[in-house]
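Residues in the sequence shown are numbered consecutively from 83, following our numbering. The structure appears right after this line, and notes come after that.
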Amino acid sequence: AVESLYNDPKSALELVQVLDEQDVNYLGSKGQLQFPGEQVSGLLTQAEAPICFAIQRLQHQLSELLYLQSTHKFSSLNLNQLAQLSPDSIALSMLDRVTVAELIADEIRVHMKPYAQRHDLSVDHLLSQYVLELVEAMMGLGRTAVREQRAVSVIRCIEDADIRAMTCLELLRHTNVVPLSTDMQSLLEDALTWNVTVNRKDELNAQRQLLDLQLILANYGINGFCVVDSFQTRQLMLHILSQIHVSTCLEDGLKVADVFPYLNRNEAYLYHCKCLIDEGKAEQLQAALRAVHHAAVDVTTTVGSSSLVRQGKHTAQKVDVLSLGQQLVLYCVEGLDYCLSADESDREEYVRYVDGALCVLETSMSLPLPTNNTRTKPTPLHAVPASGAATTNNKPAAMRVSALVPTDPINYLIKTELLSDLTNMKKLHREFGLSLSLSGFRDESARERMLKEHMKPFLKEEIS
83 AVESLYNDPK SALELVQVLD EQDVNYLGSK GQLQFPGEQV SGLLTQAEAP
133 ICFAIQRLQH QLSELLYLQS THKFSSLNLN QLAQLSPDSI ALSMLDRVTV
183 AELIADEIRV HMKPYAQRHD LSVDHLLSQY VLELVEAMMG LGRTAVREQR
233 AVSVIRCIED ADIRAMTCLE LLRHTNVVPL STDMQSLLED ALTWNVTVNR
283 KDELNAQRQL LDLQLILANY GINGFCVVDS FQTRQLMLHI LSQIHVSTCL
333 EDGLKVADVF PYLNRNEAYL YHCKCLIDEG KAEQLQAALR AVHHAAVDVT
383 TTVGSSSLVR QGKHTAQKVD VLSLGQQLVL YCVEGLDYCL SADESDREEY
433 VRYVDGALCV LETSMSLPLP TNNTRTKPTP LHAVPASGAA TTNNKPAAMR
483 VSALVPTDPI NYLIKTELLS DLTNMKKLHR EFGLSLSLSG FRDESARERM
533 LKEHMKPFLK EEIS
């Protein structure tokens with residue numbers, strides 16, 4: 083009968099039940115049960131254990147073995163193997179024996195849940211543990227579609243939304259291959275709709291942004307970056323914004339700005355527009371300026387997740403359209419001064435800066451003002467001097483440029499004198515090859531000197 087422990091646990095159980103009822107004392111020299119074979123005797127008792135306790139333990143093991151074989155299809159399991167397994171490991175092994183991910187849900191419902199209830203185990207924690215083990219396997223042995231599909235199927239079976247979201251986050255955080263597979267993308271989209279805590283929702287949103295960021299950077303040939311290095315992330319944003327040959331570079335750069343709390347959209351718009359001015363891309367500059375005007379005034383960004391620099395809440399960013407236009411015009415005016423002070427070869431940039439300033443002014447004047455701004459009284463004339471107004475030419479160029487900064491940026495942008503002066507400067511350069519700074523063009527005495535200088539070849543010398 084004892085030898086049948088490995089072949090017929092049902093008969094062995096009946097024998098043990100008889101022994102328990104009869105309280106038969108099969109004692110050895112040390113008060114232990116004595117059975118043929120060292121393997122069996124080692125499973126039944128501890129050193130110096132009473133025979134009644136050993137019989138009860140054996141009875142429990144045989145009953146458990148019979149239950150697993152008859153109810154949960156563990157036909158190959160024997161008593162020696164059962165003694166080495168914990169209830170947790172047995173429950174998790176039920177998932178391992180399923181070869182097709184689509185059948186995991188049935189395995190959990192039919193076998194794992196009843197077994198877990200029998201042993202007072204938390205099914206959700208077991209499922210979460212199983213996914214974490216799969217994640218470790220993917221990190222060590224490599225990501226495979228089979229492991230990924232199994233993980234997704236198990237996560238969907240977790241009933242507690244917070245545990246499900248936490249497990250999903252761990253899977254996503256260790257997914258370093260973009261784009262996501264169809265199963266993973268579907269899981270992420272579903273996770274954003276789960277009824278979880280605010281902090282967990284923020285973490286999910288932040289993880290989605292980081293995955294989007296990985297995809298963006300991959301398109302620009304960047305495969306690795308440090309999210310906690312503010313200098314590196316800012317350089318990444320500027321690098322993307324400078325790739326003006328890529329049609330989506332502005333959109334991609336804004337996405338990077340939205341992920342990190344120390345970056346903002348104003349900086350992104352400004353840098354991208356400067357790059358367009360430097361390259362003489364007037365049409366693209368006009369499109370970018372229109373995008374700024376049409377952008378929502380309040381931009382909500384999600385900042386969170388342990389993967390980011392810090393945890394945070396929704397913060398509102400306001401795109402300052404007027405300040406952006408003013409800074410771009412001043413950038414062009416300063417660029418004109420730089421061209422005139424630089425080598426002859428750099429004068430080709432002159433027209434780029436004039437066209438850039440004209441494009442900013444014309445586009446700003448053609449678009450409606452933001453609803454949260456109102457027009458004020460006109461700026462005093464000295465804030466933006468007209469072409470015929472006297473200027474303080476003894477001041478350095480930088481000071482004359484800074485004098486253009488008005489107290490009212492709206493009227494500064496729509497000032498017709500500035501538009502007219504830049505237009506005439508462009509004509510002079512195109513038709514006569516004359517390059518003037520804005521302050522030089524507005525200096526009446528400087529204009530007269532230049533006019534006389536160019537008229538000399540056409541004037542007859544006076545006869546003395």
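By construction, the Cβ of each residue, glycine as well, lies at the ideal position given by its N, Cα and C atoms.
Work out the CA separation of residue j and residue i for me, nearest whole Å.
{"i": "N162", "j": "Q143", "result": "10 Å"}
{"i": "Q317", "j": "I240", "result": "41 Å"}
{"i": "E499", "j": "S446", "result": "15 Å"}
{"i": "D170", "j": "L203", "result": "8 Å"}
{"i": "A528", "j": "N348", "result": "38 Å"}
{"i": "S158", "j": "M176", "result": "13 Å"}
{"i": "V234", "j": "V180", "result": "14 Å"}
{"i": "R290", "j": "M266", "result": "11 Å"}
{"i": "V341", "j": "L293", "result": "11 Å"}
{"i": "D244", "j": "L254", "result": "15 Å"}
{"i": "N506", "j": "V374", "result": "28 Å"}
{"i": "D334", "j": "E431", "result": "28 Å"}
{"i": "F156", "j": "I190", "result": "15 Å"}
{"i": "L140", "j": "E215", "result": "32 Å"}
{"i": "L418", "j": "M221", "result": "55 Å"}
{"i": "L148", "j": "N160", "result": "10 Å"}
{"i": "L270", "j": "L299", "result": "20 Å"}
{"i": "V64", "j": "L371", "result": "Residue 64 lies beyond the residue range present for the chain, which begins at 83 and ends at 546; the question has no answer from this structure."}
{"i": "H511", "j": "R531", "result": "16 Å"}
{"i": "K585", "j": "S423", "result": "For the chain, the structure presents residues 83 to 546; residue 585 sits outside this window and is missing."}
{"i": "R282", "j": "A165", "result": "40 Å"}
If I measure Cβ to Cβ from residue i and keep anything under 7 Å in the same chain, skipping five residues before and after, which residues do I get?
{"i": "K459", "result": "Bear in mind that the predicted position of K459 carries a pLDDT of just 37, short of 50, making it too unreliable to give a figure here."}
{"i": "K534", "result": "none"}
Can you tell me which of the options puts its alpha carbon nearest to the alpha carbon of residue i?
{"i": "G407", "options": "G417, G438 and C421", "result": "G438"}
{"i": "Q211", "options": "S268, N305, R191 and R246", "result": "R246"}
{"i": "C357", "options": "L323, I298 and Y149", "result": "L323"}
{"i": "N305", "options": "H354, V260, V182 and E430", "result": "V260"}
{"i": "Q231", "options": "R191, A187 and D206", "result": "A187"}
{"i": "H376", "options": "E430, S448, L533 and L269", "result": "S448"}
{"i": "Q296", "options": "S405, S329 and L262", "result": "L262"}
{"i": "L504", "options": "H536, L533, G515 and V433", "result": "V433"}
{"i": "T257", "options": "A227, R282 and P196", "result": "A227"}
{"i": "L174", "options": "L223, L299 and D206", "result": "D206"}
With 16 other CB atoms within 10 Å as the buried threshold, where does residue i fall?
{"i": "D284", "result": "buried"}
{"i": "H154", "result": "buried"}
{"i": "Y435", "result": "buried"}
{"i": "H536", "result": "exposed"}
{"i": "E218", "result": "exposed"}
{"i": "A350", "result": "buried"}
{"i": "L273", "result": "Before going on, a small fix: residue 273 reads as Ala here, not Leu. Classification for A273: buried."}
{"i": "V182", "result": "exposed"}
With residue i as the anchor, note down where its alpha helix (DSSP H) starts and where it stops.
{"i": "S210", "result": "V205 to L223"}
{"i": "S517", "result": "Unbroken run through S517: none, as it is neither H nor E."}
{"i": "N301", "result": "V280 to N301"}
{"i": "G335", "result": "C331 to V341"}
{"i": "R179", "result": "First-last for R179: undefined, no H or E at that position."}
{"i": "R316", "result": "S312 to S324"}
{"i": "L410", "result": "V403 to S423"}
{"i": "N162", "result": "L161 to A165"}
{"i": "G168", "result": "Gly is not the amino acid found at residue 168; the sequence shown has Ser there. From DSSP, S168 is part of no alpha helix (DSSP H); its letter is neither H nor E."}
{"i": "A353", "result": "One point to set straight first is that residue 353 is Tyr, not Ala, in the sequence displayed. R347 to D360 is the extent of the alpha helix (DSSP H) around Y353."}
With a threshold of 6 Å on Cβ separation, who are the neighbours of residue i within its own chain once the five nearest residues in sequence on each side are excluded?
{"i": "L443", "result": "L501"}
{"i": "T249", "result": "S210, V213 and I237"}
{"i": "H201", "result": "P169"}
{"i": "K194", "result": "According to the sequence as given, residue 194 is Met; it is not Lys. Closer than 6 Å at the Cβ level, and outside the excluded window around M194, lie A173 and M176."}
{"i": "S387", "result": "Low per-residue confidence applies at S387: pLDDT is 40, beneath 50, and the placement is therefore not dependable enough to give any value."}
Near residue i, what residues of its chain come up, given a Cβ to Cβ distance below 8 Å and the 5 sequence neighbours on each side ignored?
{"i": "I326", "result": "H354, C357, L358, E361, K363 and Q366"}
{"i": "L345", "result": "T315, R316, M319, V338 and A339"}
Would you say the beta carbon of residue i comes nearer than 7 Å to a heavy atom of the ligand SAM?
{"i": "F342", "result": "Only the bare structure without any ligand can be found here, which leaves the ligand SAM out of the picture."}
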